[in-house]
Each structure stands twice: as structure tokens, then as C-alpha cells.
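For the sequence shown, this note's numbering begins at 7 and goes up steadily by one.
Backbone N, C-alpha and C fix where the C-beta goes; we use that ideal spot for every residue, glycine too.
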Amino acid sequence: MKKYAGLLVGTLILAGCAGEPENTNDPAENTDAENNVEASEGNEEGDGERVEEDYLQIGVQTDPVALDPHGANENVANAINSSVYDRLVYVDEDLEIVPGLAEEFEQLDETTWEFKIREGITFHDGEELDAEVVQMNFERILDEDIGSPVAFIFDMIEEVEVIDDYTVQMTTDVPFAPLPSHLAHPGGGIVSPALIEASYEEMEEGGSPFNAANTQAAGTGYFQLEDYNSGEYVTFSRNEDYWNGEANVEGVTFRIIPEPLTRIGELETGGIDISVPVVPSDIGRVEQADGVNLNEQPSSMLAYLGFNTDVEPFDDPEVRRAIHMALNKDDIIEGVLNGTGIKADGPIAPEVFGASENLDALEYDPEEAEQMLRDAGVEEGFEVSLLTSESQDSIDAAELIQAQLSVLGIDVSIESYEIGTYLEMAGDGDTEMFYGTWGTVTMDADYGLYGPFHSSNAGPPGNRSFIENDELDSLLEAGREAQTEEERLEIYEEAQNLLIEESPYAFLYYPSSISAVTDDVEGFWQYPSGYYYLKDVELNR
Numbered sequence: 007m008k009k010y011a012g013l014l015v016g017t018l019i020l021a022g023c024a025g026e027p028e029n030t031n032d033p034a035e036n037t038d039a040e041n042n043v044e045a046s047e048g049n050e051e052g053d054g055e056r057v058e059e060d061y062l063q064i065g066v067q068t069d070p071v072a073l074d075p076h077g078a079n080e081n082v083a084n085a086i087n088s089s090v091y092d093r094l095v096y097v098d099e100d101l102e103i104v105p106g107l108a109e110e111f112e113q114l115d116e117t118t119w120e121f122k123i124r125e126g127i128t129f130h131d132g133e134e135l136d137a138e139v140v141q142m143n144f145e146r147i148l149d150e151d152i153g154s155p156v157a158f159i160f161d162m163i164e165e166v167e168v169i170d171d172y173t174v175q176m177t178t179d180v181p182f183a184p185l186p187s188h189l190a191h192p193g194g195g196i197v198s199p200a201l202i203e204a205s206y207e208e209m210e211e212g213g214s215p216f217n218a219a220n221t222q223a224a225g226t227g228y229f230q231l232e233d234y235n236s237g238e239y240v241t242f243s244r245n246e247d248y249w250n251g252e253a254n255v256e257g258v259t260f261r262i263i264p265e266p267l268t269r270i271g272e273l274e275t276g277g278i279d280i281s282v283p284v285v286p287s288d289i290g291r292v293e294q295a296d297g298v299n300l301n302e303q304p305s306s307m308l309a310y311l312g313f314n315t316d317v318e319p320f321d322d323p324e325v326r327r328a329i330h331m332a333l334n335k336d337d338i339i340e341g342v343l344n345g346t347g348i349k350a351d352g353p354i355a356p357e358v359f360g361a362s363e364n365l366d367a368l369e370y371d372p373e374e375a376e377q378m379l380r381d382a383g384v385e386e387g388f389e390v391s392l393l394t395s396e397s398q399d400s401i402d403a404a405e406l407i408q409a410q411l412s413v414l415g416i417d418v419s420i421e422s423y424e425i426g427t428y429l430e431m432a433g434d435g436d437t438e439m440f441y442g443t444w445g446t447v448t449m450d451a452d453y454g455l456y457g458p459f460h461s462s463n464a465g466p467p468g469n470r471s472f473i474e475n476d477e478l479d480s481l482l483e484a485g486r487e488a489q490t491e492e493e494r495l496e497i498y499e500e501a502q503n504l505l506i507e508e509s510p511y512a513f514l515y516y517p518s519s520i521s522a523v524t525d526d527v528e529g530f531w532q533y534p535s536g537y538y539y540l541k542d543v544e545l546n547r
């Protein structure tokens, strides 16, 4: 029997009995219709005037796909929702897993985990948190009728059993060492039972079960929903009754500002306090701006060129390898990242548990790549579409890929869409090639490999290349079940080398997490996964 207070993410170091943490970094959502923000009215044209002095203003590049943590698994939504919904456990600044809504947890045997839920916690709508609510949440996530895009993160959970009012036991279908890391994912945010009920009612009326959160959001975190104007802003006010101490700022407004230079301009004129992310090509301007500071740190993100392996000629691994070898990753890094980031040899970043330095990387060799393409029957003049989102760094990367492949006689047409449409098209297989990123939020190789490459996750859950390989599936399943670090590392090294051989993705680079903050801001930091912690942020103005 193992009892945990803090686990190093990925390595799962036993750390003793759990107690209440001094700071919890998880968020919550609310839907108080009477709380209309003056902070979110006006200041939409970048005039530099601040409407609400004590509200933190953050510029983000896209609308969140959903304000429901079970309804989205993309960067902006995860960042916003992780500042709104609490999870059972969470990852702190030292990348240790520590108690959240579960004040302590222990592993009873290889497949059974027990969680003691904190008493006296209420949701923003007044509903009370207890073991039954936790059970309802995970049953909702795993309900196939709901179709949650984060279901794959928790699909190893076979049963959530209520032991008493404040105790639940989770049983996994196989031994699964990284379960706490998965529970710390923003998709494990606990929502109010009233929101769950509203989401099912919405679905019965023909709508999306995740739309209810746009007007009826309710979590337990330190911020609660105040106002949402899709495409413009999302505003949250401070939860005065937060169980682990109030946030320092009165509230936060996330302003949707797609154009990177506009976000920088807003920083310079005082329209926003933080810009996330900063496009690498804008680093020079940020560094020259008065009163603005640049934050750069390694991330757990992979940028890649994906292939739909269900369509010709990308059903041939030889073609995929050839294109992989035709890409000059160093030039892409210089052109897109302005020299930041690291060239990717494999699918998971060095910071992630399970990353290996012993990989049989495909080296840049355009001459060999061209010969491989001709041998595979891909003739000069071959036309192919490349799907990407509308973010500037994505378009920049797509254009460099387009230019590099044109040398081989491949005519690439770029199709860019807003993030929701992009994810839907890639998940539905409505593409040939696609540029994208995948963040290993849990900092464990299982998430970085099982989600995007196991055949059971084909489509929207994450496997957008639709790769289906029995040997790969077996390795990824074995990596989940292995109980020692040594076993898991060995398995994941083999899996990564197989993925290089199969090349469902051309692994391009691991970008840095880059943000910019004004001198007024203290205490802002990002996880390697890219989302951030706002509870301790201070505004000194």
C-alpha cells in the first residue's frame, strides 16, 4: 500500500502522507448572471485605457474551444480552465504532484487508488463537493454519448466507487503507475453537479453538452465566470470563498487578440498586462519595449508535420519517412522560432519522463528523400494539401514546409482555419498533411505517446494521423502497465524508435514557452505544458 503527498511527475517518487498545501494551482468557474464586468466592456480597440484597475488583463490568440474542462483539449482552453476548475491533484511549480480537492490519496494495490475528498468545499453555484460528485464527473467524462475529447486521458479508469461521503476509490483496468499525473490534467477539472445536469439537458435538445458552461459554468476554484463574449473576451472574478485562500487580483480578463503584433502593441500601451504566447519573430520588439519583460522556458510541447495514414500516398511509411528526411529542421527552427526551441528527434520533449537520448533519428538528406519518393511512385508535380490553424507561428511553419517540399517537386497548398475548425477537420481525417503541436501536459510519456499514436484513439481523441500498428499498440499498452521506471523507460525507448521508423509525424521541434509581462506583474509563471498559474499573481499599479 502506498500513500502519497507529493509525487515527482513521471518518476512517481513516494513522498509520505498528504496534507493541505499552502497554495493550490487549480481554477474554477462560475456563472453568476448578476455579475457583469465593467472590466470586460470596452477597451476592445487597443486604446490603452484600463476599465478595471484591479483586473489582470491577458491577451491570448484564440477563443477557447470550450469553457468546460471536459469539452476541450487545446492550449488556450486548458490554460483558461486550469485557472477556473480544481482537480483532485495538481502539479506545482517544482513539477511535483500534490493534493488538490483530494486532501490525501494512496495506492491500495496495483489497480486500486483511494482519494479522501476535502470537506466543506462548495461550487460557485452553491452545490457541495462530495464523493458522489467526483464519481459523477468521471462517469460523465467517460460517457461515450457525451464524446469528451479528454476521455482518452482517463480511459484506463474502470470504476469510480463511492466508499463514504468523502472517499472514492478508482479501479484501473490494468496497473497504471501514472494515474496521478493524468488526474492533474486540466481535463480532470471537477464541475458542479448542476452543470452536469444542464449539459445533459442541452444534449437532449440537440445541442453540444459543453455549451452549458458558457453561461452556467461552476467549479470550485479561485476564479469564477463573470462574463463571456465569444471572440472578444472571457472575464472571471475572484472567488472570495476559495478554500485555499483568495487570489491576489480582483479578477482576470482573457482578451482574444489573434494578431501577435496587436498583442504586443496592447502590452506597450497598457491595454493588457500579459501576452501569451509571444511569437518568436516578435521577441526583438518585446526586448526593446519599455516596461515589458520576456519570459522564456523549456516546454513539453512537440511541433510536427502530421500525415493522414489513411490516404495515399501517406499510407506508405516509406513516403512518410522520405518527407521527414526532406525537412531541414534547423532552418524551420530559425525561421519560425527565431533560434529558440530545440530540434526534435522523436515524439516527446527532453523534459518529459520517458524521453530517450538513444533514438535512431532520421537525418536531413533531401537527395535520399527524393530518391525514396520516386521509388515509392511519388512523381514530381505531386499535389497535396497542408492543414494548419490560423496562428502566426503555424502559418510560418507551414510556409517553410511548403518551400522545402517544393524543391522535391511536391506542390503544397496551405489551408488555414480557426483552431476549432482545424481540430475538427484533423480529427475527422479531412486532411492529407497537417501541421500541429501536442503538449505532454502530464509530463509522462504515456500521455505523449498513447494519446496521439494508439489506434484506439484514432480521430478526435488525439490520433489524427490514424496510424494503426499492432506492435506499437502493444508497446504503448505495456508502458502503461509496467510498474518500475526501468521497465517503462526501456519500453518507451523502443516505442519512440518504432515511431521514427513509421513516421506518422515528421517530428520538427520542441518550442519554448514564451510570454511577455509588464513591470506591473509579479508571480506569473507557466508550466512546461504551456498553461499557467494565476492565483499568486500580483498587480503593482
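Between which two residues does the alpha helix (DSSP H) carrying S412 extend? Here residue 412 refers to the residue found at position 406 when the sequence shown is read from its first residue. According to the DSSP assignment, S412 belongs to the alpha helix (DSSP H) that extends over 398 to 412.
What beta strand (DSSP E) runs, 3 residues minimum, are completely inside the segment 407 to 447? Here the runs fully enclosed are 416 to 423, 439 to 445.
Length of the line joining the Cα atoms of Y516 and L189: For the purposes of this step, residue 516 is taken as the residue at position 510 of the sequence shown. For the purposes of this step, residue 189 is taken as the residue at position 183 of the sequence shown. The alpha-carbon atoms of Y516 and L189 are separated by roughly 24 Å.
I'd like the span of the beta strand (DSSP E) that includes F459, first residue to last. Sequence index remark: in the sequence shown, residue 459 carries index 453 (1-based). Counted as a single uninterrupted DSSP element, the stretch harbouring F459 is not any beta strand (DSSP E) but the alpha helix (DSSP H) occupying residues 451 to 459.
Return the first residue and the last residue of the alpha helix (DSSP H) that Q502 is part of. Along the sequence shown, one-based indexing puts residue 502 at 496. Run containing Q502: 491 to 508, per the alpha helix (DSSP H) assignment.
With a CB to CB cut of under 6 Å and the five nearest residues on each side skipped, what residues in its chain are close to E396? What you label residue 396 is simply residue 390 of the sequence shown in a count that begins at 1. Correct list, in chain order: S422, E424.
Count the other CB atoms, across all protein chains shown, that sit within 10 Å of the CB of N84; report buried if there are 16 or more and exposed otherwise. Residue 84 sits at position 78 when you count from the first residue of the sequence shown. Buried: at least 16 other Cβ atoms inside 10 Å.
Helix, strand or coil at N81 [DSSP, three-state]: One-based indexing of the sequence shown puts residue 81 at position 75. Helix at N81.
What does the Cβ neighbour count give for N463, buried or exposed, with the cut at 16 atoms within 10 Å? Within the sequence shown, the letter at position 457 stands for residue 463. In this structure N463 is buried. Its beta-carbon is surrounded by 16 or more other beta-carbon atoms within 10 angstroms.
Give the secondary structure of F160 by DSSP, where H, G and I count as helix, E and B as strand, and everything else as coil. Here residue 160 is taken as the residue at index 154 of the sequence shown, counted from 1. Of the three classes helix, strand and coil, the one that applies to F160 here is helix, per DSSP.
Helix, strand or coil at T226 according to DSSP, with G and I counted as helix: Along the sequence shown, read from residue 1 onward, the residue named residue 226 stands at position 220. Coil at T226, not helix or strand.
So which of T128, Q489, S518, L406 has the shortest CA-CA distance to P283? Indexing the sequence shown from 1 puts residue 283 at position 277. It is S518 whose Cα lies nearest to the Cα of P283.
Given a cut-off of 8 Å on the beta-carbon distance, is the pair D92 and G227 in contact? Numbered from 1 along the sequence shown, position 86 holds the residue referred to as residue 92. Numbered from 1 along the sequence shown, position 221 holds the residue referred to as residue 227. Closer than 8 Å, so yes.
Do F121 and L94 have their beta-carbon atoms positioned less than 8 Å apart in this structure? As a first step, residue 94 is located in the sequence shown; it is residue number 88 there, counting from the start. As a first step, residue 121 is located in the sequence shown; it is residue number 115 there, counting from the start. Yes, they are a contact pair.
Coil, strand or helix - D92 by DSSP: One-based indexing of the sequence shown puts residue 92 at position 86. In the structure shown, D92 sits in coil (DSSP, three-state: anything other than H, G, I, E or B).
Specify, as a first and last residue, the run of the alpha helix (DSSP H) that K335 falls within. Stepping through the sequence shown from its first residue, residue 335 is reached at position 329. Segment 335 to 343, the alpha helix (DSSP H) holding K335.
Where does E50 fall in DSSP's three states? Residue mapping note: residue 50 aligns to position 44 of the sequence shown, counting from 1. Note that E50 has pLDDT 40, beneath the 50 cutoff, so the model's placement of it is unreliable and no number is given.
Just to confirm before moving on: does the CB-CB distance between D131 and I123 stay below 8 Å? Numbered from 1 along the sequence shown, position 125 holds the residue referred to as residue 131. Numbered from 1 along the sequence shown, position 117 holds the residue referred to as residue 123. Going by beta carbons, D131 and I123 fall outside the 8 Å limit.
Nearest-angstrom Cα separation, counted from L495 out to S306: Working through the sequence shown from its first residue, we reach residue 306 at position 300. Working through the sequence shown from its first residue, we reach residue 495 at position 489. One alpha carbon belongs to S306, the other to L495, and they sit about 17 Å apart.
Y516 - partner residues in DSSP beta bridges: Taking the sequence shown and counting its residues from 1, the one referred to as residue 516 is at position 510. Paired residues: I348.
Between the C-alpha atoms of Y537 and S88, what's the straight-line distance to the nearest angstrom? Taking the first residue of the sequence shown as 1, we reach residue 537 at position 531. Taking the first residue of the sequence shown as 1, we reach residue 88 at position 82. Cα to Cα, Y537 sits roughly 7 Å from S88.
Which value, in whole angstroms, describes the spacing of the CA atoms of D38 and E238? For the purposes of this step, residue 38 is identified with residue 32 of the sequence shown, where counting begins at 1. For the purposes of this step, residue 238 is identified with residue 232 of the sequence shown, where counting begins at 1. Only weak support is given to the placement of D38: the predicted model assigns it a pLDDT of 35, under 50, and the value that follows is read from those uncertain coordinates. Approximately 19 Å between the Cα atoms of the pair.
C-beta atoms of S391 and E438 nearer than 8 Å: Reading the sequence shown from its first residue, position 385 is the one you call residue 391. Reading the sequence shown from its first residue, position 432 is the one you call residue 438. Yes, the pair counts as a contact, with Cβ atoms nearer than the cut-off.
Chain-order list of residues whose beta-carbon lies under 6 Å from that of I159 (same chain, five-residue window excluded): For the purposes of this step, residue 159 is taken as residue 153 along the sequence shown, with counting starting at 1. For I159, same chain residues with a beta-carbon under 6 Å away, outside a window of 5 residues either side, are H188, H191, G193 in chain order.
For the beta strand (DSSP E) holding T118, just list the boundary residues, first then last. The sequence position of residue 118 within the sequence shown is 112, counting from 1. Start and end: 118 to 123.
Local Cβ density within 10 Å of V527, reported as buried at 16 or more and exposed below that: For the purposes of this step, residue 527 is identified with residue 521 of the sequence shown, where counting begins at 1. Buried, because 16 or more other Cβ atoms sit within 10 Å of the Cβ of V527.
Where Q230 and T221 are concerned, what is the direct C-alpha to C-alpha distance, given to the nearest angstrom? One-based indexing of the sequence shown puts residue 230 at position 224. One-based indexing of the sequence shown puts residue 221 at position 215. Cα to Cα, Q230 sits roughly 12 Å from T221.
Between G48 and G271, what straight-line distance do the alpha-carbon atoms span, to the nearest angstrom? Position 42 of the sequence shown, counting from 1, holds the residue named residue 48. Position 265 of the sequence shown, counting from 1, holds the residue named residue 271. Residue placement at G48 cannot be trusted, given a pLDDT of 36 that sits under 50; the coordinates are not used to answer.
Tell me whether N81 is buried or exposed, calling it buried when 16 or more other Cβ atoms sit within 10 Å of its Cβ. Position 75 of the sequence shown, counted from the first residue, corresponds to residue 81. Within 10 angstroms of the beta-carbon of N81 lie 16 or more other beta-carbons, which makes it buried.
Going by Cα to Cα distance, which pick from I169, S154, I196, G225 is closest to M209? For this step, residue 209 is matched to residue 203 along the sequence shown. For the residues I169, S154, I196, G225, the minimum Cα distance to M209 belongs to S154.
CA-CA distance, L114 and E203? Here residue 114 refers to the residue found at position 108 of the sequence shown. Here residue 203 refers to the residue found at position 197 of the sequence shown. L114 and E203 have their alpha carbons spaced roughly 32 Å apart.
Please report the residue range of the alpha helix (DSSP H) in which R486 lies. What you label residue 486 is simply residue 480 of the sequence shown in a count that begins at 1. Run containing R486: 476 to 487, per the alpha helix (DSSP H) assignment.
Determine the closest residue to D381 out of V258, N235, D322, with distance taken between C-alpha atoms. Here residue 381 corresponds to residue number 375 of the sequence shown, with the count starting at 1. For the set V258, N235, D322, the Cα lying nearest the Cα of D381 is the one of D322.
Whole runs of the alpha helix (DSSP H) within the segment 252 to 289, excluding any shorter than 4 residues: Listed in chain order, the complete alpha helix (DSSP H) runs (minimum 4 residues) inside the segment 252 to 289 are 266 to 275.
How long is the line joining the alpha carbons of F313 and L343, rounded to whole angstroms? As a working note, residue 313 is residue 307 in the sequence shown. As a working note, residue 343 is residue 337 in the sequence shown. Per the coordinates, the alpha-carbon of F313 lies some 22 Å from the alpha-carbon of L343.
Paired residues, beta bridge with G65 - DSSP: Sequence index remark: in the sequence shown, residue 65 carries index 59 (1-based). Under DSSP, the beta-bridge partners assigned to G65 are R261, S281.
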